[in-house]
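Written below as structure tokens is the structure these notes are about.
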Amino acid sequence: MSIDDDVALLERVPTLRLLGDASLRMLAIGSEQRNFVRGDVLFNLGDEADAGYVVQRGAFRVDDGAGAEMIAGPGALIGELALVVPMKRPSSAVALEHASVIRVARSLFQRVLESDPAAAVRLRDEFAVRSSQIASDILMAGAKLTS
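Residue 996 is where the sequence shown starts when you use my numbering, and the numbers rise one by one after that.
Written as structure tokens, this is what we have:
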């Protein structure tokens, strides 16, 4: 895939779209592509998380080890929080078929945010909105459980 194809793919990811064209281009240029065959492990539960992955093609099963799982296909960002904070992986991801990802290292992501403070503010605001929504959802679920 070309840099322009990678930029177009990154632009499909809601979180990354907030960064704008110049920052997406920097991410596309600085990121690496990785290819997988069915059964290959992208990462394991408990691994150190130093990158996020945007699925280019194929699909991955993401499993938290406690029964919750999802399928991540083209345009999905796996490991979003790893882009902004050091952490251990809260799940495992395994290729379900031939697949490829764009690996976005946290160090690269942070350099991009440092070079574009307006993009960093947009991203912070989006995370704040999401956190508020999650807190509201938890309160509503708790209220339903106690009534």
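Built from N, CA and C at the ideal position, the CB exists for glycine as well. Bear in mind that the values here come from a model prediction, so they are computed numbers and not experimental data.
Beta-carbon separation (whole angstroms), Leu-1014 vs Leu-1078, contact threshold 8 Å: Your numbering for residue 1014 matches position 19 in the sequence shown. Your numbering for residue 1078 matches position 83 in the sequence shown. Actually they are not in contact, since the Cβ atoms of Leu-1014 and Leu-1078 sit about 11 Å apart, beyond 8 Å.
Proximity winner among Ile-1129, Val-1099, Phe-1122, relative to Ala-1044 (alpha-carbon distances): Along the sequence shown, one-based indexing puts residue 1044 at 49. Of Ile-1129, Val-1099, Phe-1122, the residue nearest in Cα terms is Val-1099.
Through-space distance from Ala-1138 to Val-1008, alpha-carbon basis: For the purposes of this step, residue 1008 is taken as residue 13 along the sequence shown, with counting starting at 1. For the purposes of this step, residue 1138 is taken as residue 143 along the sequence shown, with counting starting at 1. In this model, Val-1008 and Ala-1138 are separated by some 33 Å (Cα to Cα).
Nearest-angstrom Cα separation, counted from Arg-1020 out to Asp-999: As a working note, residue 999 is residue 4 in the sequence shown. As a working note, residue 1020 is residue 25 in the sequence shown. Going from the Cα of Asp-999 to the Cα of Arg-1020 covers about 8 Å.
Arg-1084 burial status per 10 Å Cβ neighbour count (16 or more: buried): Walking along the sequence shown from the start, residue 1084 turns up at place 89. Buried: at least 16 other Cβ atoms inside 10 Å.
Beta-carbon proximity check, Val-1116 vs Gly-1034, cutoff 8 Å: The residue labelled residue 1116 in the question sits at position 121 within the sequence shown. The residue labelled residue 1034 in the question sits at position 39 within the sequence shown. Result no, Cβ atoms of Val-1116 and Gly-1034 do not sit closer than 8 Å.
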